[in-house]
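Visitor: Each residue of the sequence shown is one higher than the last, beginning at 0 in numbering that gives the first Met the number 0. Here you go, one structure.
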Amino acid sequence: MKDDTKELTLFDNYDFIEKIESLMADCESAEVEFKSARGGFPGSLWETYSAFANTQGGVIVLGVKEKDGKFTLDGITLEQARKYKKEFWDNVNNKAHCSANVLQEKDVQDGEYNGSYVLVFNVPRAPRNKIPVYLHNNPENTFKRNYEGDYRCDASEIKRMFADADSTEHPRDYKILPEFTIEQDIDKATLEQYRRLVATKSPDHPWLLLDDKHFLMKLKGYQIDRRKKIEGLTLAGLLMFGKTDSITDAYGCPQYFPDYREYFSSNPDDRWTDRICPDGTWEANLFQFYYRVYPKLAAALPKPFALKDGIREDETPTHTALREAFINALVHCDYSVDSNITIELHKDCYIFSNPGSLLLSIAQYYQGGNSVCRNKALQTMFMLIGSAEKAGSGADKIMQGWKKANYRNPRIEEITHPDKVVLTLPLVSLLSDEVISYLKSLFGEDITSIEHNKLMTLATCCSEGEVTNYRMQLVLDKHSADITKLLKELCNDRYLIPEGIGRGTHYRINKKVREGGLPGNVASNVASNVASNVASNVASSPDKERRRRLSSSELHTAILQACVDFESLEAIANKVGKSLRYLKNRAIPIMVAEGLLEREYPYMPKHPHQRYRAKKR
């Protein structure tokens, strides 16, 4: 006779309990959803299933109710768990109920926890060709996930998702625009400049002998569709070589507006210190935008002296990574979205933001070797002049280049409604001499021999004042359950101190392990951004006894001075010498309500990367 109890438990009970507790500890994540099943199988599970499958995946825990970081078990019995599990598999494999099943048997885990049965559904991001995942045989029942929960997609989002599913066979930028011509809409100077670069890169390239029309045809910048009996410039040809007025024509890309901004000034009246955007003084096609902006981006990187075959080499792997990040923003952009490409250079980071969603999961991005390009023609155009890597290697180049420079890991985010992909390249080294010296002063010389991920967590905590589970997921590219275990071990070993519960849990360096401040030799060499953070976090102790009490008006003035540009709560706390908790719960909400500060994400107050800036009056 079959043992039904063994069939129900897919892994040993200890592991199951550990996993449930890790998920509860990580209830702050947008990728974890707890649902009660006290009244039967919850219908809302399907909306969350669709939302997770259409974004970055997530975990649904059935049989646990969560409210304000407190958990209540439903008391589900073994027989109920069996019933719910069968109901799920029946419906997820029923096309009339759900358009696609993206789970395997191993993705549904269940077992007993504190006397009650719990079901865990590990929902991965759906393969591109199965997106959108929708319900009840109706694409209008398509959901996505954002920081506030599940939401129903509008018609334009659904249309773009279907188009992305077909992007391999029909790249977006292959679209023929019969209303446009080479003679009227191509900027001849740009095309000639491009030809010269091809000649420099490959002097004997056979395409150089072709006239403009046939040269563009080789690039997929001009196409003929014999079946439809139409021909003309493609979207790629127009974007790469077109005149500004032609690109932004109603039949082209009326929303097109590439925007580069530098933020270096400490003057609150300066919104930016430099800006390159379509202002009427140049033809703002992608080629010209790239060659105006990239030198400014590259100038912010150090150029260490290096010799290769006896010749000075100024181009480093970090420069290669930077160039690839820039090109990726241009060639992976969804030019049908009503949003802008923005490239930002801050004192401590680069930020590349392009409209559209990722065509693969964030995990696949970090793993490298995977690439699905939305605009293949644009990618080919940049590759021909040596400015882009072959498909699948771009993300690898970015990650490797930043790792070689000992910078914090690049952070990729997918933001929905409107769809946007944001890549942040930090210019701050986690393992600077200042940080290592300070950690040694607290924990001894052997601190550098601990596990690398633990050392990186401590270094991040030093640099930023505190860490959360979600923050370390981004830094280390690890699952929330792995981070939960790592943070727990660091607390058990007395390296970190937890503060708060549930969603509000954050972790600080345990400075009481070894009394004493920053060593004198370190304090005298605090020059970099990280060192400055260390100095404010540790040399100027946040203990109340060592802080001068500020009046409300003095504090507000200090915060406004600290927020010339958008700043995180951690950065503000470091600059004004106040606790993160006080700022988060008291000062900042008051200043936002009074119109003194503005949020970077005004419609998502709890955005994990929320930042604040002094509002112009």
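Virtual Cβ for every residue (Gly too), placed ideally from N, Cα, C.
With a cut-off of 8 Å, does the C-beta of ARG507 fall near any C-beta of chain B?
Guide: Considering every chain present, this structure includes no chain B. It has just one protein chain.
Visitor: For ARG124, tell me which candidate among GLY56, LEU285, PHE240, ILE340 has the shortest Cα-Cα distance.
Guide: Residue 124 sits at position 125 when you count from the first residue of the sequence shown. Nearest C-alpha to ARG124: GLY56.
Visitor: Since LYS129 and ALA99 are thought to touch, with beta carbons under 8 Å apart, how far apart are those beta carbons, to the nearest angstrom?
Guide: Within the sequence shown, residue 129 is the residue found at index 130, counting from 1. Within the sequence shown, residue 99 is the residue found at index 100, counting from 1. Indeed, because the Cβ distance is near 4 Å, the residues count as touching under 8 Å.
Visitor: Beta-carbon within less than 7 Å of LEU296's beta-carbon, same chain only, minus the 5 sequence neighbours each way: which residues are those?
Guide: Within the sequence shown, residue 296 is the residue found at index 297, counting from 1. The answer, listed in chain order, is LEU321, PHE325, LEU344, TYR349.
Visitor: Would you say ASP418 and ASP333 are within 8 Å of each other, going by their C-beta atoms?
Guide: By 1-based counting over the sequence shown, the position of residue 418 is 419. By 1-based counting over the sequence shown, the position of residue 333 is 334. In contact: ASP418 and ASP333 (Cβ atoms closer than 8 Å).
Visitor: Taking all protein chains shown into account, do 16 or more other C-beta atoms lie within 10 angstroms of the C-beta of ASP224, making it buried, or fewer, making it exposed?
Guide: For the purposes of this step, residue 224 is taken as the residue at position 225 of the sequence shown. Its Cβ having fewer than 16 others within 10 Å, ASP224 is exposed.
Visitor: Measure from the alpha carbon of SER265 to the alpha carbon of each residue in ILE435, SER578, GLU566, then state which is nearest.
Guide: Translated into positions along the sequence shown, residue 265 becomes position 266. It is GLU566 whose Cα lies nearest to the Cα of SER265.
Visitor: Please classify LYS583: does DSSP put it in a helix, a strand, or coil?
Guide: Sequence index remark: in the sequence shown, residue 583 carries index 584 (1-based). Note: LYS583 maps to helix in three-state DSSP.
Visitor: May I ask which residues mark the beginning and end of the alpha helix (DSSP H) holding ALA164?
Guide: In the sequence shown, counting from the first residue as 1, residue 164 sits at position 165. From DSSP, the alpha helix (DSSP H) with ALA164 extends over 154-164.
Visitor: List the endpoints of the continuous beta strand (DSSP E) containing ILE508.
Guide: The residue given as residue 508 occupies position 509 in the sequence shown. Run containing ILE508: 505-508, per the beta strand (DSSP E) assignment.
Visitor: Is VAL420 near SER462, with beta carbons less than 8 Å apart?
Guide: The residue you call residue 420 lines up with position 421 of the sequence shown. The residue you call residue 462 lines up with position 463 of the sequence shown. No. Outside cutoff.
Visitor: Work out the CA separation of GLN472 and SER335 for me, nearest whole Å.
Guide: As a working note, residue 335 is residue 336 in the sequence shown. As a working note, residue 472 is residue 473 in the sequence shown. For SER335 and GLN472, the distance between alpha carbons rounds to 31 Å.
Visitor: Comparing alpha-carbon positions, which option in ARG195, TYR437, MET160 lies nearest LYS143?
Guide: Translated into positions along the sequence shown, residue 143 becomes position 144. Among ARG195, TYR437, MET160, the Cα nearest to that of LYS143 is on MET160.
Visitor: With a threshold of 8 Å, are at least 3 pairs of Cβ atoms found where one atom belongs to the region 174-182 and the other to the region 435-448?
Guide: Because the criterion of three Cβ pairs below 8 Å is not met, the region 174-182 and the region 435-448 do not touch.
Visitor: Who pairs with ASP258 in a beta bridge, going by DSSP?
Guide: Working through the sequence shown from its first residue, we reach residue 258 at position 259. BP columns for ASP258 point to THR341.
Visitor: Return the CA-CA distance between THR189 and TYR290, expressed in angstroms with no decimal places.
Guide: Here residue 189 corresponds to residue number 190 of the sequence shown, with the count starting at 1. Here residue 290 corresponds to residue number 291 of the sequence shown, with the count starting at 1. Approximately 11 Å between the Cα atoms of the pair.
Visitor: Do the region 77-94 and the region 105-119 touch if we need at least three Cβ pairs shorter than 8 Å?
Guide: The answer is yes - the region 105-119 touches the region 77-94, with three or more Cβ pairs under 8 Å.
Visitor: Count the other C-beta atoms from every protein chain shown that fall within 10 angstroms of the C-beta of ALA235, then say buried if there are 16 or more, exposed otherwise.
Guide: If you number the sequence shown from 1, residue 235 lands on position 236. With 16 or more Cβ atoms within 10 Å of its Cβ, ALA235 is classed as buried.
Visitor: Between the alpha carbons of CYS276 and LYS242, how many angstroms are there, rounded?
Guide: Numbered from its first residue, the sequence shown carries residue 276 at position 277. Numbered from its first residue, the sequence shown carries residue 242 at position 243. Near 14 Å, if we compare the C-alpha coordinates of LYS242 and CYS276.
Visitor: Determine, using beta carbons only, whether THR167 and VAL371 come nearer to each other than 8 Å.
Guide: As a position in the sequence shown, residue 167 is number 168, starting the count at 1. As a position in the sequence shown, residue 371 is number 372, starting the count at 1. Contact: yes.
Visitor: Please state whether DSSP places LYS64 in a helix, a strand or coil.
Guide: In the sequence shown, the residue the question calls residue 64 occupies position 65. Note: LYS64 maps to strand in three-state DSSP.
Visitor: Looking at C-alpha atoms only, which residue of GLU597, PHE351, HIS331, ALA592 is the closest neighbour of LEU422?
Guide: If you number the sequence shown from 1, residue 422 lands on position 423. Ranking the options by Cα distance to LEU422, first place goes to PHE351.
Visitor: Is DSSP giving LEU300 helix, strand or coil here?
Guide: Position 301 of the sequence shown, counting from 1, holds the residue named residue 300. The answer is coil: DSSP assigns LEU300 none of H, G, I, E or B.
Visitor: Look up GLN55 in the DSSP assignment and say whether it is helix, strand or coil.
Guide: Stepping through the sequence shown from its first residue, residue 55 is reached at position 56. Correct three-state label for GLN55: coil.
Visitor: Whole-angstrom Cβ separation of LEU559 and ALA613, contact assumed at under 8 Å?
Guide: Within the sequence shown, residue 559 is the residue found at index 560, counting from 1. Within the sequence shown, residue 613 is the residue found at index 614, counting from 1. Their Cβ separation, rounded to whole angstroms, is 4 Å, which keeps LEU559 and ALA613 in contact under 8 Å.
Visitor: DSSP on ARG407, reduced to helix/strand/coil?
Guide: In the sequence shown, counting from the first residue as 1, residue 407 sits at position 408. Correct three-state label for ARG407: coil.
Visitor: Is the separation between the beta-carbon of LYS18 and that of ALA362 shorter than 8 Å?
Guide: What you label residue 18 is simply residue 19 of the sequence shown in a count that begins at 1. What you label residue 362 is simply residue 363 of the sequence shown in a count that begins at 1. No.
Visitor: Select from LEU72, GLU30, ALA36 the residue whose C-alpha is nearest the C-alpha of THR54.
Guide: For this step, residue 54 is matched to residue 55 along the sequence shown. Here the closest residue by C-alpha is GLU30.
Visitor: For TYR494, which three-state DSSP category applies?
Guide: The residue labelled residue 494 in the question sits at position 495 within the sequence shown. Coil, per DSSP.
Visitor: Pull up the DSSP beta-bridge partners for PRO617, would you.
Guide: This structure cannot speak to residue 617, because the chain is shown only from 0 to 616.
Visitor: From VAL537 to LEU300, what does the alpha carbon distance come to, in whole angstroms?
Guide: Within the sequence shown, the letter at position 538 stands for residue 537. Within the sequence shown, the letter at position 301 stands for residue 300. In this prediction, VAL537 scores a pLDDT of 34, lower than 50, which makes its location untrustworthy; the coordinate-derived value is nonetheless stated afterwards. Going by the C-alpha atoms only, they are around 28 Å apart.
Visitor: If we ignore side chains and look at the alpha-carbon of each, how far apart do GLU569 and SER356 end up?
Guide: Residue mapping note: residue 569 aligns to position 570 of the sequence shown, counting from 1. Residue mapping note: residue 356 aligns to position 357 of the sequence shown, counting from 1. Computed Cα separation, rounded: 28 Å.
Visitor: Could you tell me which residues DSSP pairs with ARG612 in its beta bridges?
Guide: By 1-based counting over the sequence shown, the position of residue 612 is 613. Per DSSP, GLU597.
Visitor: By the DSSP assignment, the alpha helix (DSSP H) with GLU569 in it spans what residues?
Guide: Counting from one through the sequence shown, the residue named residue 569 turns up at place 570. Its alpha helix (DSSP H) spans residues 568-575.
Visitor: Out of ARG127, THR447, ASN121, state which residue places its alpha-carbon closest to the alpha-carbon of ALA164.
Guide: Locating residue 164 in the sequence shown gives position 165, where the first residue counts as 1. Nearest of ARG127, THR447, ASN121 to ALA164, Cα basis: ARG127.
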